[in-house]
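Mapping to full-length UniProt numbering: the sequence shown position 113 is 113, numbers consecutive. Think of the CB as a built atom: it goes at the ideal place given N, C-alpha and C, for glycine as much as any other residue.
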Amino acid sequence: WTSETKRYWKFIITSPASIPEFAELFLTSTYSWLRNPTRPAGRLDRIFNVSNLSTTSGADRFLVHGPSRRRRSYTLPSISEAQKDALLELNDTWAGAKPFWLFDHEGSWIYGRLDSPLEIVEEGHQRYSARFEFMEVIG
């Protein structure tokens with residue numbers, strides 16, 4: 001599977017055994033870490049999709065809007081110029097509105113977004129550190 005850039009795509013399936021179906025199809029760029037972050041830093045909790053209202057008498061009322069979302073915090077203590085450029089490209093591609101897939105340390109694919117601004121600090125000549133927050137998007 002090689003990387004290709006096309007303006008249009010056409011899927012052709014010849015002689016299928018059954019009618020093919022696509023639940024979802026994502027066409028996107030792929031980025032693989034040159035050196036993987038060992039584990040997320042910080043909390044590995046889920047964010048509950050719940051509203052809480054207190055009545056005038058002080059009773060709590062909860063409204064569950066949907067399933068909880070996974071959150072990850074990644075710290076990259078030492079990255080190269082190429083890795084920094086790849087992170088900035090990811091940030092530009094994300095553009096605040098285009099969720100993407102992340103393969104986490106537990107072996108799960110998570111569809112999500114950056115939850116805070118990307119933090120990149122120059123530590124020395126062409127050496128950087130980076131930090132980002134990732135939040136699952138409920139589809």
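Check	Outcome
Own chain, CB closer than 7 Å to Pro67, minus 5 neighbours either side, in chain order	Asn49 and Ile138
CA nearest to the CA of Pro40, picked from Phe103, Leu63, Trp94 and His65	Phe103
Endpoints, beta strand (DSSP E) assigned at Thr75	Arg69 to Ser80
Residues of its chain near Asp60, where Cβ-Cβ distance is below 7 Å and the 5 sequence neighbours each way are ignored	Asn52 and Ser54
Span separating the alpha-carbon of Phe132 from that of His65	26 Å
Backbone CA spacing between Leu76 and Glu24 [nearest angstrom]	32 Å
Those runs of the alpha helix (DSSP H) which lie wholly inside the region 73-124 and span at least 4 residues	81-94
Of the listed residues Ala17, Trp33 and Pro117, nearest to Glu81 (C-alpha basis)	Trp33
Buried or exposed (CB count within 10 angstroms, at least 16 for buried), Arg46	exposed
Under 7 Å between C-beta atoms of Glu136 and Ser129	no
Identity of the residues DSSP links to Asn52 by a beta bridge	Phe62
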